[in-house]
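Data first, discussion second: the structure below is written as structure tokens.
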Amino acid sequence: MNLLKELPLRDEEVAPVDNSPIKELALMSDEDVAAPDLFEMPAPLPYPVAAVDVEETRDGFPVLPARPGAQALHWVGRDDAVISPSYTRSYPFVMDHGKGSEVWDIDGDRYLDFTAGVAVLATGHTHPAIVKAIQQQAEKFIHMAGTDFYMAQPVELAERLIGHAPGTFSKRVFFTNSGTESIEAAMKLARWHTRRPVLVSFFGAFHGRTYGSMSLSNSKALHRTGFQPLLAGIQQVPYPYHYRCPLGGNHAEADCGLACVEYIEKVTFKYQVSPSEVAAFIIEPIQGEGGYVVPPSSFYPALRALADKYDIPLVVDEIQSGMGRTGKMFAIEHWGVTPDVICLAKGIASGVPLGAVIAREDLMTWPSGAHANTFGGNPLAVAAALATLDLLETELIANAAAMGAYIMPRIKEWEQRYSFVGNVRGIGLMIGAELVEDKQTKEYAGELRDAIVDQCFKRGLLLLGAGKSVIRFCPPLVITKDELDEGLSILEAVMDEFEAQRHGGTSVVGS
Ligand SMILES: Cc1ncc(COP(=O)(O)O)c(C=O)c1O
Numbered sequence: 001m002n003l004l005k006e007l008p009l010r011d012e013e014v015a016p017v018d019n020s021p022i023k024e025l026a027l028m029s030d031e032d033v034a035a036p037d038l039f040e041m042p043a044p045l046p047y048p049v050a051a052v053d054v055e056e057t058r059d060g061f062p063v064l065p066a067r068p069g070a071q072a073l074h075w076v077g078r079d080d081a082v083i084s085p086s087y088t089r090s091y092p093f094v095m096d097h098g099k100g101s102e103v104w105d106i107d108g109d110r111y112l113d114f115t116a117g118v119a120v121l122a123t124g125h126t127h128p129a130i131v132k133a134i135q136q137q138a139e140k141f142i143h144m145a146g147t148d149f150y151m152a153q154p155v156e157l158a159e160r161l162i163g164h165a166p167g168t169f170s171k172r173v174f175f176t177n178s179g180t181e182s183i184e185a186a187m188k189l190a191r192w193h194t195r196r197p198v199l200v201s202f203f204g205a206f207h208g209r210t211y212g213s214m215s216l217s218n219s220k221a222l223h224r225t226g227f228q229p230l231l232a233g234i235q236q237v238p239y240p241y242h243y244r245c246p247l248g249g250n251h252a253e254a255d256c257g258l259a260c261v262e263y264i265e266k267v268t269f270k271y272q273v274s275p276s277e278v279a280a281f282i283i284e285p286i287q288g289e290g291g292y293v294v295p296p297s298s299f300y301p302a303l304r305a306l307a308d309k310y311d312i313p314l315v316v317d318e319i320q321s322g323m324g325r326t327g328k329m330f331a332i333e334h335w336g337v338t339p340d341v342i343c344l345a346k347g348i349a350s351g352v353p354l355g356a357v358i359a360r361e362d363l364m365t366w367p368s369g370a371h372a373n374t375f376g377g378n379p380l381a382v383a384a385a386l387a388t389l390d391l392l393e394t395e396l397i398a399n400a401a402a403m404g405a406y407i408m409p410r411i412k413e414w415e416q417r418y419s420f421v422g423n424v425r426g427i428g429l430m431i432g433a434e435l436v437e438d439k440q441t442k443e444y445a446g447e448l449r450d451a452i453v454d455q456c457f458k459r460g461l462l463l464l465g466a467g468k469s470v471i472r473f474c475p476p477l478v479i480t481k482d483e484l485d486e487g488l489s490i491l492e493a494v495m496d497e498f499e500a501q502r503h504g505g506t507s508v509v510g511s
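The opening residue of the sequence shown carries number 1 in my numbering; numbering runs sequentially from there.
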């Protein structure tokens with residue numbers, strides 16, 4: 001994507017400054033844009049960092065500055081020349097700084113952040129307690145390799161995570177650097193412990209992009225295309241996505257979860273793989289990238305019972321749904337089910353890279369040297385995680401529950417208000433609105449979703465999609481009612497526009 005070619009510059013801002021580098025970049029072809037000399041970085045363009053002044057209105061909507069501004073375009077152009085094209089940027093937001101649920105781009109324009117850096121910033125941007133914890137730790141030491149030396153900080157964090165994990169049995173923790181690494185560790189642990197080869201994952205799952213986690217995942221064929229062959233010994237089974245039954249059935253919601261578990265036992269275990277060869281079920285309690293899919297209440301108790309029947313460890317991937325996002329520390333707690341292994345990352349350290357695997361002690365019995373890493377349990381990340389836990393425990397888990405309960409009725413009402421909102425679901429501050437072309441056929445409205453997300457960006461609200469046509473809401477857990485109201489009002493104004501367009505009304509969208 002070369003956004004320089006696609007996006008107009010802001011005339012009024014470009015005029016007074018020497019913008020020749022931008023114009024030159026804009027006129028270059030892809031081939032011409034050689035890697036810039038990184039040792040002579042041009043200074044950022046001298047635009048004032050000012051609050052947006054909203055004076056005029058058009059059809060009741062504020063007329064905001066065209067976004068992105070010229071500095072953003074400048075950096076998007078340079079990014080386009082040197083950064084891997086495999087990234088999936090939805091729109092050209094170039095971060096400058098953030099505070100809580102607000103962020104400012106490099107042109108000084110303010111946005112509300114309903115993405116939390118993809119469900120990572122549990123405590124919001126630059127929470128003073130997190131910044132202080134990182135600073136204090138940085139002054140003491142930054143790294144010492146927990147795999148070879150002892151450190152107090154990871155021990156303290158492990159003890160506190162274990163204290164939060166469901167189940168009264170003893171547990172142990174392995175620290176990682178990311179979500180995918182937590183999943184890889186859990187896959188290895190399950191195979192090592194059971195000495196069984198097969199890992200069972202679910203349709204629509206997303207567990208990461210390294211070979212093991214990618215092999216478990218199947219939320220998008222693109223993630224696998226060109227990367228075959230994948231890891232052997234993976235079996236995929238239906239996930240109870242009630243709005244779009246993976247079994248092609250028409251079960252009542254109460255039966256939907258049971259139907260999927262029954263399928264695993266009666267079909268998968270009978271025709272495809274013997275349960276005696278299954279090392280683990282690996283599952284997202286609420287599917288994230290697959291579209292914020294919430295299983296019905298019957299599902300997890302039945303899956304737990306099936307796992308117990310065949311002595312199969314239950315591994316939950318709480319990388320997106322964990323750390324208080326759903327109004328409980330771990331989403332699986334909403335079903336009252338105790339997993340054997342919990343995989344964590346994202347929100348655990350408020351944006352400093354860290355992951356963790358919490359496992360039953362009698363399962364995490366691999367010997368010294370069987371698995372390790374260099375950076376896992378990095379003290380800066382652990383300091384941020386300890387401060388994150390303090391905030392989650394004292395206020396933020398409760399705030400996630402309260403704010404989720406506050407916005408859910410308003411978002412749910414969209415199913416009636418908009419012809420293209422097919423299904424709204426979620427718990428706490430993990431909410432998805434699935435858009436469809438037609439409520440009867442449920443044809444995915446992916447292009448419409450992308451257009452709505454893009455319009456929201458232009459009006460100062462950062463959103464992300466999930467699945468084929470879901471708008472996802474995963475704001476920082478510090479978000480306030482006023483901020484939620486402000487963001488939802490922007491989104492509703494945009495969706496009203498698209499609704500009017502559908503009915504032949506005039507629209508500012510696309511103008
Ligand atoms: C549920 C889940 N598991 C695993 C991952 C992979 O995490 P990471 O990108 O840190 O490797 C993600 C990332 O989006 C996720 O949502």
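Even glycine gets a Cβ: it sits at the ideal position worked out from N, Cα and C.
DSSP three-state call for L463: helix, strand or coil? Of the three classes helix, strand and coil, the one that applies to L463 here is coil, per DSSP.
Does R304 come out as helix, strand or coil in the three-state DSSP assignment? Secondary structure at R304: helix, using DSSP grouped into helix, strand and coil.
Counting C-beta neighbours from all protein chains within 10 Å, is the total for P128 16 or more, i.e. buried, or is it exposed? It counts as exposed.
I'd like the list of long-range same chain contacts for P240, defined as Cβ closer than 7 Å, with 5 residues on each side in sequence excluded. Around P240: C256, G257, C260, P295, P296 and F299.
Selection from K346, V278 and D317 that minimises the alpha carbon distance to I332: For the residues K346, V278 and D317, the minimum Cα distance to I332 belongs to D317.
Proximity winner among P85, R67, Y87 and F114, relative to P476 (alpha-carbon distances): The residue from P85, R67, Y87 and F114 with its alpha-carbon nearest to that of P476 is F114.
What do you reckon, are the CB atoms on G513 and G117 nearer than 8 Å? Because the chain in this structure spans residues 1 to 511, residue 513 falls outside the shown range and cannot be described.
Tell me whether H125 sits in a helix, a strand or coil according to DSSP, three-state version. Assignment of H125 by DSSP, reduced to helix, strand and coil, places it in the strand class.
Which complete beta strand (DSSP E) runs does the segment 384–433 hold, if anything under 3 residues is left out? 421–427, all fully within the segment 384–433.
Closest to I490 by C-alpha separation, out of V357, L112 and C474, would be which residue? Closest option to I490, Cα to Cα, is L112.
Is the beta carbon of G355 less than 8 Å from the beta carbon of S182? S182 is positioned such that its CB atom lies closer than 8 Å to that of G355.
Considering only their Cβ atoms, is the gap separating D340 from R360 smaller than 8 Å? Contact flag set, yes.
Considering only the beta carbon of each residue, do T123 and T374 sit closer than 8 Å? In this structure, T374 does not lie closer than 8 Å to T123 by Cβ.
Find out if the Cβ-Cβ distance for the pair S215, A205 is shorter than 8 Å. Taking 8 Å as the Cβ cut-off, S215 and A205 do not qualify as a contacting pair.
By DSSP's criteria, M95 is part of a beta bridge. Which residues make up the other side? DSSP, once it has assigned bridges, lists D105 as partnering M95.
If you measure from the beta carbon of A331 to each beta carbon in chain D, is any gap under 8 Å? Among the chains of the structure shown, chain D does not appear; only one protein chain is present.
Extent of the continuous beta strand (DSSP E) to which R78 belongs: Looking at the DSSP string, R78 is not in any beta strand (DSSP E); the run it does join, the alpha helix (DSSP H), is A70 to V82.
Residue span of the beta strand (DSSP E) that contains D438, given as start and end: Looking at the DSSP string, D438 is not in any beta strand (DSSP E), and its letter there is neither H nor E.
Which of the three DSSP states, helix, strand or coil, is assigned to D255? Residue state, collapsed to three classes: helix.
Just the Cα atoms here: how many angstroms apart are G288 and I234? Taking the straight line from one Cα to the other gives about 20 Å.
Just the Cα atoms here: how many angstroms apart are N524 and A254? The first residue shown for the chain is 1 and the last is 511, placing residue 524 beyond what the model contains.
Chain-order list of residues whose beta-carbon lies under 7 Å from that of T338 (same chain, five-residue window excluded): Only P166 and G167 meet the Cβ criterion.
Based on the DSSP secondary-structure assignment, which residues constitute the bridge partners of Y111? Note: Y111 sits in a beta bridge opposite V103.
From the DSSP secondary-structure annotation, give me the bridge partner or partners of A345. Answer is none; A345 lacks a bridge partner.
By the three-class DSSP mapping on this structure, what secondary structure does A280 have? For A280, the three-state secondary structure derived from DSSP is strand.
DSSP state of K458, grouped into three classes? The answer is helix: DSSP assigns K458 an H, G or I state.
Given this structure, state the Cα-to-Cα distance separating L4 from H223, to the nearest angstrom. Note that L4 scores 41 on pLDDT, short of 50, meaning its location in the model is unreliable and no value can be drawn from it.
Separation of E492 from D485, as counted between CA atoms: Spanning the alpha carbons of D485 and E492 requires a straight line of approximately 10 Å.
So Y292 and M187 are supposed to be a Cβ contact under 8 Å. How far apart are they, rounded? So it is not a contact: roughly 24 Å between Cβ atoms.
Going by the C-beta, is S178 closer than 7 Å to any heavy atom of ligand 1? At least one heavy atom of ligand 1 is nearer than 7 Å to the Cβ of S178, so yes.
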